[in-house]
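The listed protein sequences derive, respectively, from chains L and W. All the letters of the first sequence, read from the start, carry residue numbers 1 to 584 under my numbering. All the letters of the second sequence, read from the start, carry residue numbers 1001 to 1221 under my numbering. Backbone N, C-alpha and C fix where the C-beta goes; we use that ideal spot for every residue, glycine too. One structure is given here, and the rest of the page talks about it.
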Amino acid sequence: MSSTPASAIHVGHAEHHELGFVRTYIFSTDHKMIGRQFLFMALFMMAIGGAMAMLMRWELAFPETAVPFMHWVPEPYMYDGAIPPNTYNSMFTMHATIMIFFVVMPILVGCYGNFLIPLMIGARDMAFPVLNMLSFWVGAVAGLIMLASFFVPGGPAAAGWTSYAPLSAVPVYTGVDWGQNLWCISLIVLGVSSLMGSINYITTVINMRTKGMTFFRLPLVIWSLFITAILLLLALPVLTTALALLLFDRLGGTHFFLPAGGGEPLLWQHLFWFFGHPEVYIMILPAMGMASEIIATFSRKPIFGYRAMAYAMAAIAFLSWIVWGHHMFQSGMNPALGSGFMVTTMIIGVPSAIKTFNWLGTIYKGNIHYTAAMMNALAFVAMFVIGGLSGIFMACTPVDMFIHDTYFIVAHIHYVLFGGSLFAIFGAILYWFPKMFGRMMNETLGKIHFWITFIAFNCTFFPMHILGMNGHMRRIYNPLQYDFLKPIQPINVFISISAFVLGAAQFILLANIIWSLARGKKAEANPWRANTLEWTTPIRPGHGNWDGPLPVVHHGPYEYSSPLTTEDYLPQNVEITGKAAVAH
Amino acid sequence: MLEHFWLPEGISTFSPRIDFLFTLIFWITAVVWALVTIAMIVFMVKYRTRPGRKATYIEGNPRLEILWTTVTAVILIGLALLSRSTWANIKENGPPGDVFYKVTAKQFNWEITYPGPDGKLGTADDVTVENDFHVPVNKVVRFELTSKDVIHSFFVPWIRLKQDAVPGRQIHVWFEATKKGQYEIPCAELCGFGHSGMKGTLYVESEQDFQHWLKDKYSSK
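So this is what it looks like as structure tokens:
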């Protein structure tokens, strides 16, 4: 590694003026620029993943009819606008793959992990800035490989984002050849990117906290990103291993997952979910952290039970390693093992409940400011509650026997990943926009976007529980092929119309981002009157973050409405002299 | 439409037990959801910002933390223990069988193998039929489930039964249907481009009708 120790950067802090366009905007080693790069990459991918969701919803509401405006897509991908089954399978496969690996993870971990960790712990940059830059560019290559798979003969992967073998392991079973290979290769490459990022985050949080920033003075979002980085470091190699074995099966005839050659299909599922369940928490923990920041700031109140919140996240992270079998209750895995996984899965509900109660405790007796960011963060809590509670149904093995692989599951994951993670992401975009771009986002547009999204989201995903209770299988292309699903087809139509509204509402977000980037109100240094260190830099910090010496931390991050001051906030770097300084 | 807002009719001996657990969890989660949501809305309205208002500085309450941790843990672990015996009865042991079959999934059909006149599976007089699964009512049906190619999942919503069919494995499955009728058997696990539309039919018949159908089938072989 040739990276300059970040602490040396401030030696000539005019240095960033000398960097050219390429070093500033493209091959930047500045964690803030890398964070922005991840954000824009992910927003671009979100448009693609979202468009596929719209096509799927058309198909489910109006099966085997031509999708408007899609006549230009060549055969065999579409037939004069009508979607054939294999294209439909490709769409839900790529929708999930893109949303999980190229939208939610890059925004939560890539963008906000990068952007916030050094700023909030009082460091001038990441521990390994060059590695950080490579992490983005390797991730971008992975994204390009994934997008390239749309253009190979046979189309992109069509075995589901879970790619269960043998379906994924033998080309004739899906008719997809290089699409699935590129899917594997892309995710292996992305794993390398994630590894580089996670090592960087862990090192930075451990070694580069500024003076006074003890672990228990870290903002919860940093706790969440730190714990997430540990999960990433340990989980991604398991996925990489599984993907490599799958690729060998496809290209080299190795039969790791094929019983004809002595292989075991369930091995893939064990490896995949051993990665896959920590992955679920990788996608929710940072969202929990972000929501905690936003809720505390706009309640003007300390986080209720700060330590309980941090311990709960650590508990979730630990338990996330021993619950993977709950994805496999009906797989043929030893049913006695299923009972064990049922118990661990029920237990992981406990720390999630602790977090919810503490968020409620935080707004209790607060002084709640309803900014658009706060509304999104509160929606995160409300939707996460529903997603968490619906998880109890699946954890119960006999009930899971009925609802497994139905729309009940689809409803659950979207309440957690969209209602949870994505609402927290919307909140985070609004909340940290002034820090990232020096301008405020438009509050009115933000609130319009919030309300339409919130209502359309619930109209889209809540009725899916009812579909699931009727036994409506997921991943089917035409519900009308089944007599028992015909009576509930109106629900599918209702869901699709809601989904189109939900999709259209995202243009409001896009417009708000573009308009605010160009014309948004210029932000002051600490627009939300928040305590954490990122607001102590100039509003658009240069390379190295602080112009002068690094800030010194005197308190925890949530000293809002403290009796020690007349203001309703007390930034972490402000020292109160006398006996007041004893506090935290 | 409203009748579709709850579980479909259950027609197996274990469906009432599964529906009981579903209903129990439904009411627990509904009450918890209502309490949390009402508290949240009350707090959101009551503590909205107003001129001159200041938040109360509260850092937490260890007693409350212990209380809600314990209560949640007791409810959740209790649910797991309550579910355990139902699960064991359905997937681990179950009653001895009255009629026996072999079910083989393949892209994109269910092959149902009947034992033939000698009553034994795996002999030359076995009869294999695609997608038609005839069983007598009120008898314990046992079958070995496997797959020829990819993973499929045997699903009969009214029986509340779902079990993946895995190539290279013989998985024992049982159920006892309590009501005559015809029921669809969709495949519930993505199995390729023909996954949607892969379905068989379960015919639950009286003993006489079942024997009659078997005799017809065996003689026409």
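Show which residues of chain W have a CB atom less than 8 Å away from the CB atom of residue i.
{"i": "Q481 of chain L", "result": "S1196, G1197, K1199"}
{"i": "R36 of chain L", "result": "None at all; the shortest Cβ gap to chain W is about 32 Å."}
Check residue i in the structure and name its three-state DSSP category.
{"i": "T4 of chain L", "result": "With a pLDDT of 43 at T4 of chain L, under the threshold of 50, the predicted position of this residue should be treated as unreliable, and no value is reported."}
{"i": "H1212 of chain W", "result": "helix"}
{"i": "A14 of chain L", "result": "The predicted position of A14 of chain L is uncertain, since its pLDDT is 43 and thus under 50; a value taken from the coordinates is nonetheless stated next. Correct three-state label for A14 of chain L: coil."}
{"i": "N470 of chain L", "result": "coil"}
{"i": "T1146 of chain W", "result": "strand"}
{"i": "C1191 of chain W", "result": "coil"}
{"i": "L564 of chain L", "result": "coil"}
{"i": "P1157 of chain W", "result": "coil"}
{"i": "S339 of chain L", "result": "helix"}
{"i": "P585 of chain L", "result": "Coverage of chain L is limited to positions 1 through 584, which leaves residue 585 of chain L absent and any answer about it impossible."}
{"i": "S1012 of chain W", "result": "strand"}
At the level of alpha carbons, what is the spacing between residue i and residue j?
{"i": "A148 of chain L", "j": "W273 of chain L", "result": "26 Å"}
{"i": "S292 of chain L", "j": "A428 of chain L", "result": "11 Å"}
{"i": "W183 of chain L", "j": "V1127 of chain W", "result": "42 Å"}
{"i": "P434 of chain L", "j": "M441 of chain L", "result": "7 Å"}
{"i": "M91 of chain L", "j": "P549 of chain L", "result": "51 Å"}
{"i": "T1070 of chain W", "j": "G305 of chain L", "result": "16 Å"}
{"i": "Q1208 of chain W", "j": "I491 of chain L", "result": "40 Å"}
{"i": "A377 of chain L", "j": "S193 of chain L", "result": "29 Å"}
{"i": "M283 of chain L", "j": "P563 of chain L", "result": "36 Å"}
{"i": "I294 of chain L", "j": "E524 of chain L", "result": "18 Å"}
{"i": "T1029 of chain W", "j": "L389 of chain L", "result": "6 Å"}
{"i": "Y1047 of chain W", "j": "G110 of chain L", "result": "35 Å"}
{"i": "K355 of chain L", "j": "I425 of chain L", "result": "18 Å"}
{"i": "S1219 of chain W", "j": "R475 of chain L", "result": "40 Å"}
{"i": "H1212 of chain W", "j": "K1091 of chain W", "result": "31 Å"}
{"i": "Y201 of chain L", "j": "A127 of chain L", "result": "8 Å"}
{"i": "T453 of chain L", "j": "A505 of chain L", "result": "6 Å"}
{"i": "A583 of chain L", "j": "P557 of chain L", "result": "In this prediction, A583 of chain L scores a pLDDT of 46, lower than 50, which makes its location untrustworthy; no coordinate-derived value is stated."}
{"i": "C1191 of chain W", "j": "E75 of chain L", "result": "23 Å"}
{"i": "V170 of chain L", "j": "G338 of chain L", "result": "29 Å"}
{"i": "A310 of chain L", "j": "M464 of chain L", "result": "33 Å"}
{"i": "W137 of chain L", "j": "K1102 of chain W", "result": "53 Å"}
Please list, in chain order, all residues of the same chain as residue i whose beta carbon is under 8 Å from its beta carbon, the five residues on each side excluded.
{"i": "K486 of chain L", "result": "P479, L480"}
{"i": "E1130 of chain W", "result": "N1109, W1110, E1111, I1112, G1200"}
Would you mind working out which of the options sits nearest residue i, comparing C-alpha positions?
{"i": "Y431 of chain L", "options": "L:E75, L:G262, L:W528", "result": "L:W528"}
{"i": "G122 of chain L", "options": "L:I495, L:K211, L:K355", "result": "L:K211"}
{"i": "L360 of chain L", "options": "W:I1011, W:E1059, W:F1210, W:L1076", "result": "W:E1059"}
{"i": "M401 of chain L", "options": "L:M374, L:S320, L:M342", "result": "L:M342"}
{"i": "I1025 of chain W", "options": "L:F450, L:A395, L:F329", "result": "L:A395"}
{"i": "V574 of chain L", "options": "L:L39, L:N531, L:L245", "result": "L:N531"}
{"i": "P278 of chain L", "options": "L:G391, L:K301, L:L232", "result": "L:L232"}
{"i": "T87 of chain L", "options": "L:Y560, L:F128, L:A157", "result": "L:A157"}
{"i": "L1214 of chain W", "options": "W:P1115, W:F1143, W:V1150, W:R1142", "result": "W:P1115"}
{"i": "P551 of chain L", "options": "L:G542, L:P557, L:T536", "result": "L:T536"}
{"i": "A61 of chain L", "options": "L:G556, L:T174, L:S496", "result": "L:S496"}
{"i": "P129 of chain L", "options": "L:A511, L:M196, L:P302", "result": "L:M196"}
{"i": "V152 of chain L", "options": "L:I100, L:Q180, L:H555, L:K522", "result": "L:Q180"}
{"i": "G468 of chain L", "options": "L:T406, L:G253, L:M46, L:H270", "result": "L:T406"}
Quick one: residues in its chain with C-beta nearer than 7 Å to the C-beta of residue i, no 5 flanking neighbours on either side, listed in chain order?
{"i": "F457 of chain L", "result": "F418, G419, L502"}
{"i": "P1157 of chain W", "result": "P1008"}
{"i": "S7 of chain L", "result": "Low local confidence applies: a pLDDT of 45 at S7 of chain L is under 50, so the model's placement there is unreliable, and no value is given."}
{"i": "A315 of chain L", "result": "P351"}
{"i": "I48 of chain L", "result": "I98"}
{"i": "Q1170 of chain W", "result": "E1144, T1146"}
{"i": "R519 of chain L", "result": "none"}
{"i": "L167 of chain L", "result": "A159, Y173, T174"}
Could you name the residues of chain L that residue i contacts, counting a contact when the two beta carbons are closer than 7 Å?
{"i": "E1222 of chain W", "result": "Summary: the structure shown does not reach residue 1222 of chain W, with chain W confined to residues 1001 through 1221, and so no result is reported for it."}
{"i": "S1153 of chain W", "result": "Q330, D405"}
{"i": "Q1163 of chain W", "result": "Q330"}
{"i": "E1144 of chain W", "result": "In chain order: nothing, as chain L lies at least about 12 Å away."}
Listing by chain order, which chain W residues have their CB less than 7 Å from the CB of residue i?
{"i": "C396 of chain L", "result": "L1021, I1025, L1079, S1083"}
{"i": "M342 of chain L", "result": "A1080, S1083"}
{"i": "V399 of chain L", "result": "I1018, L1021, F1022, I1025"}
Show which residues of chain W have a CB atom less than 9 Å away from the CB atom of residue i.
{"i": "L378 of chain L", "result": "M1040, M1044"}
Less than 6 Å between C-beta atoms, sequence neighbours within five positions excluded: which residues of the same chain meet that for residue i?
{"i": "S186 of chain L", "result": "A142, I145, M146"}
{"i": "L987 of chain W", "result": "Any question about residue 987 of chain W goes unanswered here, given that chain W covers just 1001 to 1221."}
Show which residues of chain L have a CB atom less than 9 Å away from the CB atom of residue i.
{"i": "P1008 of chain W", "result": "M469, N470, G471, F484"}
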